[in-house]
Amino acid sequence: MIYNAHHRTGYRYASRGLKRQAIRACRAAIRQEARYRGFRDIDFDDGRYAEQIGPHGFRVTFNEVEFEGFRREYERPVTCIVRGGDQVRDIRGIPKPGKRGQKRRYSGYRY
803 MIYNAHHRTG YRYASRGLKR QAIRACRAAI RQEARYRGFR DIDFDDGRYA
853 EQIGPHGFRV TFNEVEFEGF RREYERPVTC IVRGGDQVRD IRGIPKPGKR
903 GQKRRYSGYR Y
């Protein structure tokens, strides 16, 4: 722990800024991926934590993320891995909206 008496410098202060940057990058990536999958609105609740997994890597977990689609709402925990400060490498936990429960073998015309 390196601290300077007059300035906020050192390892702990730098890691706090990196953690904040990783959380921001993860939120932006989750929003982008969820919009790509067809969700209209994404809400993040307060429950989140970030653990450091390397010199510039974090595993960020949001306990409750609410995904609002056209028909349903989903609440899921979402985890993402951030490397190099702000590069999101992996996102897990985003639901896949789709045709659940519709098992139609013959869709189309039958002659």
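Residue numbers (the numbering used here): 803 to 913.
Glycine residues also receive a C-beta, built at the ideal position from the N, C-alpha and C atoms.
Would you identify the three-state DSSP class for residue i, choosing helix, strand or coil?
i	result
Ile832	helix
Ile883	strand
Arg826	helix
Arg842	coil
Arg873	coil
State buried or exposed for residue i, treating a residue as buried only when at least 16 other CB atoms are found within 10 Å of its CB.
i	result
Met855	Residue 855 is actually Ile in this sequence, not Met. Exposed.
Phe869	buried
Phe872	exposed
Only counting the same chain, and skipping five residues up and downstream in sequence, which positions put a Cβ closer than 6 Å to that of residue i?
i	result
Arg861	Glu853, Ile855, Ile883
His858	Gly886, Gly887
Arg829	none
Please return the same chain residues whose Cβ sits closer than 8 Å to the Cβ of residue i, not counting the five positions on each side in sequence.
i	result
Gly849	Phe864, Asn865, Glu866
Glu875	Glu868, Phe869
Ala836	Ile844, Phe869, Ile896
Gln889	Ala827
Arg833	Ile844
Once the 5 residues before and after residue i are set aside, which same chain residues still bring their CB inside 7 Å of it?
i	result
Tyr851	Thr863
Phe846	Arg829, Phe864, Val867
Please check if any C-beta of chain D sits within less than 8 Å of the C-beta of residue i.
i	result
Gln823	You won't find chain D in this structure, because it holds only one protein chain.
Who are residue i's beta bridge partners in DSSP?
i	result
Arg878	Val867
Arg837	None, per the DSSP bridge assignment.
Arg861	Glu853, Ile883
By the DSSP assignment, the beta strand (DSSP E) with residue i in it spans what residues?
i	result
Ile855	That residue, Ile855, is in no beta strand (DSSP E); it is neither H nor E in DSSP.
Ile893	889 to 894
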